[in-house]
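> Anchor point for the sequence shown: position 284 equals 293 in the numbering used here, and the numbering is continuous, going up by one each time.
Have a look at this one before I ask anything.
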Amino acid sequence: MYLLLPGRHHLLTRYQKEYLNRLVKDGLSEVKNHLGNPLQISEFPTAIIFAVTSANHNNTRRNPLPLYQRAMMIQDFSRDLEIPVFVIPIDDIGQSPNFASYTIKKIEAESEMLLNLNPMNTVVLCSTPVLKLYSGLGFSILPVERVPGREEKFNTKLPWEILEDLATNGKMDPQSKADLVSYMDQASIRLWDVYNVWDKIQMLFSDSLIGEDGDLTESRDYNTYVREMDLIAELKFNETKNYILPGRIGDIGCAVGSWIKLASEKSNLFESDFYGVEIARQLFQVCEQRKENGEFPNPNVFFLRKNAVSGLVFPAGTMNTIHSSSLTHEIESYGNREKLLSFIKNRYLELAMGGVWINRDVVGPEDKDREVYVWFQDADGTNLGQKPNSYPNLKEYLDSLSTKERFFRFQSDFRKEEGYVLRTEVFSVDGIEYYRMKLADVCEFLSKKDYTDNWESEMHESFCFWSFSDWKVHLESVGFQVSHQSHSYRNEWLVENRYLGKTKIFTSSKEIPKSQEDLIPMEFPVTHMLILAEK
Numbered sequence: 010m011y012l013l014l015p016g017r018h019h020l021l022t023r024y025q026k027e028y029l030n031r032l033v034k035d036g037l038s039e040v041k042n043h044l045g046n047p048l049q050i051s052e053f054p055t056a057i058i059f060a061v062t063s064a065n066h067n068n069t070r071r072n073p074l075p076l077y078q079r080a081m082m083i084q085d086f087s088r089d090l091e092i093p094v095f096v097i098p099i100d101d102i103g104q105s106p107n108f109a110s111y112t113i114k115k116i117e118a119e120s121e122m123l124l125n126l127n128p129m130n131t132v133v134l135c136s137t138p139v140l141k142l143y144s145g146l147g148f149s150i151l152p153v154e155r156v157p158g159r160e161e162k163f164n165t166k167l168p169w170e171i172l173e174d175l176a177t178n179g180k181m182d183p184q185s186k187a188d189l190v191s192y193m194d195q196a197s198i199r200l201w202d203v204y205n206v207w208d209k210i211q212m213l214f215s216d217s218l219i220g221e222d223g224d225l226t227e228s229r230d231y232n233t234y235v236r237e238m239d240l241i242a243e244l245k246f247n248e249t250k251n252y253i254l255p256g257r258i259g260d261i262g263c264a265v266g267s268w269i270k271l272a273s274e275k276s277n278l279f280e281s282d283f284y285g286v287e288i289a290r291q292l293f294q295v296c297e298q299r300k301e302n303g304e305f306p307n308p309n310v311f312f313l314r315k316n317a318v319s320g321l322v323f324p325a326g327t328m329n330t331i332h333s334s335s336l337t338h339e340i341e342s343y344g345n346r347e348k349l350l351s352f353i354k355n356r357y358l359e360l361a362m363g364g365v366w367i368n369r370d371v372v373g374p375e376d377k378d379r380e381v382y383v384w385f386q387d388a389d390g391t392n393l394g395q396k397p398n399s400y401p402n403l404k405e406y407l408d409s410l411s412t413k414e415r416f417f418r419f420q421s422d423f424r425k426e427e428g429y430v431l432r433t434e435v436f437s438v439d440g441i442e443y444y445r446m447k448l449a450d451v452c453e454f455l456s457k458k459d460y461t462d463n464w465e466s467e468m469h470e471s472f473c474f475w476s477f478s479d480w481k482v483h484l485e486s487v488g489f490q491v492s493h494q495s496h497s498y499r500n501e502w503l504v505e506n507r508y509l510g511k512t513k514i515f516t517s518s519k520e521i522p523k524s525q526e527d528l529i530p531m532e533f534p535v536t537h538m539l540i541l542a543e544k
């Protein structure tokens with residue numbers, strides 16, 4: 010007879026140890042009345058199966074510990090149980106009504122068909138709502154911490170409650186922390202001490218920028234995103250390759266590892282070590298798979314799933330080159346200014362003397378608060394403002410709109426959740442409509458108007474919060490020297506393919522232009538920057 014204990018198992022408790030010991034030594038005779046379908050076989054268990062769910066996730070609030078640490082803790086925890094204990098990894102399949110049956114099948118496959126669990130030979134130990142899934146399959150349930158027959162009453166704190174309290178109350182008084190730790194089994198305390206899990210969970214839970222599963226945004230279509238990253242990887246690399254210093258090279262926000270792949274092919278970098286850092290689970294998994302496929306010619310390529318915003322990702326003073334691309338604007342957009350300034354300071358601390366941080370990203374114009382007059386094309390789509398539910402999806406609706414109508418939608422959506430208000434004033438000059446607004450707002454629209462497949466994600470992102478000179482000031486304030494080779498520039502492909510014929514920008518010497526002669530055509534501003542910040 011088997012005992013199945015499913016769970017994420019980031020923390021094990023004294024209560025769980027005592028509970029399992031009672032079942033192993035005393036059998037099920039005392040708890041049979043708690044079983045919905047009492048077994049007709051031996052009352053004494055012959056093995057315990059720890060099904061470690063979300064085994065392929067780590068370094069997030071929902072799953073702070075990697076599988077190997079959880080497995081080590083379980084084996085340490087189980088030394089005194091006196092019967093065989095199996096640790097079976099169960100990968101995450103999201104919210105699924107079939108999760109219990111998937112777990113049973115996964116246990117059978119992972120054990121090479123040794124463990125065939127069914128309602129006649131297995132009791133499930135579970136206190137969470139997941140127990141209903143197993144009960145629905147006919148399994149008998151033992152409630153562990155839950156008081157039998159009482160949905161919301163528990164004999165003791167649940168493991169996740171203890172972890173969450175320790176994580177979110179980092180400044181609690183010593184006695185309160187000691188009270189929480191007293192619930193933990195010594196195996197958990199030992200592993201948490203060795204791997205300093207105490208600080209790690211506080212860091213993960215304190216960072217509002219990263220979601221429960223480690224992603225910056227839940228509204229991004231990663232299939233589209235990966236295709237875009239690979240398409241422009243060579244462009245990014247060619248722009249930065251001459252500035253890479255050999256040695257220890259880190260790529261923060263490495264996406265699918267394309268920049269590292271190209272860099273690792275350069276002959277002068279064959280002796281270098283490469284470290285790709287990516288927090289988004291989907292992208293990190295692609296990196297790992299590409300390495301397993303042998304796509305990187307240099308064997309010294311390593312990928313880390315770490316949060317580069319809250320602290321150092323590399324030991325201080327160890328990196329020769331740090332590269333980031335299209336990342337810093339996301340920190341500003343999904344986090345805040347304080348997090349961006351912290352990110353800049355941490356990169357300075359990580360570099361060795363003489364090292365360089367290569368940062369490629371979008372940038373705002375120097376005179377971003379200047380008011381300009383804008384004309385929008387209205388003959389390249391509909392101008393009826395029809396509701397999105399008239400179309401199969403939001404993308405098709407947005408694609409149907411004229412540039413002018415799409416701007417109105419942008420004006421309504423752009424950083425709405427962040428409380429931003431994009432103000433415009435309409436003027437008619439010789440029968441043509443122009444809209445007066447800040448230059449930065451025009452640039453924000455131009456940079457996002459064509460990304461209709463990720464519109465909801467793009468509406469959170471600010472590109473023009475700093476100009477190139479703003480960046481220079483902030484970098485120098487922490488000690489960086491900005492190389493004279495750094496520069497801002499305009500992406501001419503965007504101008505030729507996305508801007509011309511869609512939008513025109515004008516300045517005026519008059520407060521209210523009365524005729525076309527009062528409007529002075531203006532070139533499209535810069536869109537990107539390459540900054541070489543040297544230590």
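Heads up, the beta-carbon is just placed ideally off N, CA and C, and yes, glycines get one too.
Owing to the predicted nature of the structure, the values given are computational and were not obtained by experimental measurement.
#1: Is it true that the CB of Phe59 sits closer than 8 Å to the CB of Val94?
#2: Just to confirm, are Leu292 and Thr131 a CB contact at a threshold of 8 Å?
#3: Quick test of your reading: Tyr357 and Val487, contact by CB under 8 Å. State the CB separation rounded to the nearest angstrom.
#4: Could you tell me if Ala176 is buried or exposed, where buried requires 16 or more neighbouring beta carbons within 10 angstroms of its beta carbon?
#5: Between the segment 115-128 and the segment 77-87, can you find at least three pairs of beta-carbon atoms closer than 8 Å?
#6: Excluding the 5 residues flanking Gln78 on each side, which residues of the same chain have their C-beta closer than 7 Å to its C-beta?
#7: Rounded to whole angstroms, what is the Cα-Cα separation between Lys519 and Pro534?
#8: Where does Ser9 land, buried or exposed, given buried means 16+ other C-beta within 10 angstroms?
#9: What are the start and end residues of each continuous beta strand (DSSP E) run of 3 or more residues lying completely inside the segment 454-492, in chain order?
#10: Please return the same chain residues whose Cβ sits closer than 7 Å to the Cβ of Glu154, not counting the five positions on each side in sequence.
#11: Are Met446 and Glu380 touching if we call contact CB-CB under 8 Å?
#12: Who pairs with Ala60 in a beta bridge, going by DSSP?
#13: What is the DSSP secondary structure of Leu134, counted as helix, strand or coil?
#14: For Glu359 and Ile331, which I take to be in contact (beta-carbon distance under 8 Å), what is that distance rounded to the nearest angstrom?
#15: Could you pull out every residue in the same chain whose Cβ sits closer than 6 Å to the Cβ of Tyr231, ignoring the five residues on either side in sequence?
#16: Any chance the segment 310-325 sits against the segment 260-274, with 3 or more Cβ pairs inside 8 Å?
#17: Mapping the DSSP letters down to three states, classify Tyr444 as helix, strand or coil.
#18: Distance check for Asn277 and Gly256, CA to CA, integer angstroms please.
#19: Taking DSSP as the reference, what is the three-state secondary structure of His496?
#20: How should His493 be labelled, buried or exposed, when 16 other C-beta atoms within 10 angstroms of its C-beta is the threshold for buried?
#21: Using CA coordinates, which residue listed in Met82, Lys245, Pro75 is at the minimum distance from Ile540?
#22: Would you say Glu453 lies against chain B (beta-carbon separation less than 8 Å)?
#23: Look at the alpha carbon of Asn68 and the alpha carbon of Val365, and state the distance between them as a whole number of angstroms.
#24: Apart from the five residues on each side of it in sequence, which residues of its chain come closer than 7 Å, Cβ to Cβ, to Glu304?
#25: Just to confirm, is the Cβ distance from Leu76 to Pro54 under 8 Å?
#26: Skipping 5 residues on each side, what residues in its chain have a beta carbon closer than 6 Å to that of Lys511?
#27: Measuring alpha carbon to alpha carbon, tell me which of Leu172, Ser342, Arg299, Val295 ends up nearest Leu470.
Taking the structure as given:
#1: Here residue 94 is taken as the residue at index 85 of the sequence shown, counted from 1. Here residue 59 is taken as the residue at index 50 of the sequence shown, counted from 1. Closer than 8 Å, so yes.
#2: Within the sequence shown, residue 292 is the residue found at index 283, counting from 1. Within the sequence shown, residue 131 is the residue found at index 122, counting from 1. In this structure, Thr131 does not lie closer than 8 Å to Leu292 by Cβ.
#3: If you number the sequence shown from 1, residue 357 lands on position 348. If you number the sequence shown from 1, residue 487 lands on position 478. Indeed, because the Cβ distance is near 5 Å, the residues count as touching under 8 Å.
#4: Your numbering for residue 176 matches position 167 in the sequence shown. Classification of Ala176: buried, given that the 10 Å Cβ count is 16 or more.
#5: no
#6: Looking up residue 78 in the sequence shown gives position 69. Taken in chain order, the residues that qualify are Leu200, Tyr204.
#7: Locating residue 519 in the sequence shown gives position 510, where the first residue counts as 1. Locating residue 534 in the sequence shown gives position 525, where the first residue counts as 1. Each residue's alpha carbon lies about 21 Å from the other.
#8: Absent from the model: residue 9. The displayed extent of the chain is 10 to 544, so no value can be given.
#9: none
#10: Mapped onto the sequence shown, residue 154 falls at position 145. Answer for Glu154: Tyr24, Ser136, Phe163, Asn164, Thr165, Leu167, listed in chain order.
#11: Looking up residue 446 in the sequence shown gives position 437. Looking up residue 380 in the sequence shown gives position 371. Yes, Cβ-Cβ distance for Met446 and Glu380 is below 8 Å.
#12: On the sequence shown, position 51 is the one that residue 60 refers to. According to DSSP, Ala60 bridges with Pro15, Ile97.
#13: As a first step, residue 134 is located in the sequence shown; it is residue number 125 there, counting from the start. Correct three-state label for Leu134: strand.
#14: In the sequence shown, the residue the question calls residue 359 occupies position 350. In the sequence shown, the residue the question calls residue 331 occupies position 322. The Cβ separation is near 6 Å, so the contact holds.
#15: Counting from one through the sequence shown, the residue named residue 231 turns up at place 222. At Tyr231, the pLDDT of 48 sits below 50, so the modelled position is not reliable; the number obtained from the coordinates is stated separately. The residues are Gln291.
#16: yes
#17: For this step, residue 444 is matched to residue 435 along the sequence shown. If DSSP states are grouped into helix, strand and coil, Tyr444 belongs with the strands.
#18: Indexing the sequence shown from 1 puts residue 256 at position 247. Indexing the sequence shown from 1 puts residue 277 at position 268. Distance between the alpha carbons of Gly256 and Asn277 is about 10 Å.
#19: One-based indexing of the sequence shown puts residue 496 at position 487. His496 falls in the strand class under three-state DSSP.
#20: As a position in the sequence shown, residue 493 is number 484, starting the count at 1. Flag for His493 reads exposed.
#21: Here residue 540 corresponds to residue number 531 of the sequence shown, with the count starting at 1. Closest by alpha carbon: Lys245.
#22: The chain labelled as chain B is not found in the depicted structure, where only one protein chain is given.
#23: In the sequence shown, the residue the question calls residue 68 occupies position 59. In the sequence shown, the residue the question calls residue 365 occupies position 356. Rounded to the nearest angstrom, the two C-alpha atoms are 27 Å apart.
#24: Working through the sequence shown from its first residue, we reach residue 304 at position 295. Counting only Cβ-Cβ distances below 7 Å, and skipping sequence neighbours, we find Lys270.
#25: Your numbering for residue 76 matches position 67 in the sequence shown. Your numbering for residue 54 matches position 45 in the sequence shown. It is not a contact, given that the beta carbons lie outside the stated cut-off.
#26: Reading the sequence shown from its first residue, position 502 is the one you call residue 511. Cβ neighbours of Lys511 beyond the five flanking positions: Gln386, Thr412.
#27: The residue you call residue 470 lines up with position 461 of the sequence shown. What sits at residue 470 in the sequence shown is Glu, not Leu. If we check each option's Cα against that of Glu470, Ser342 comes out closest.
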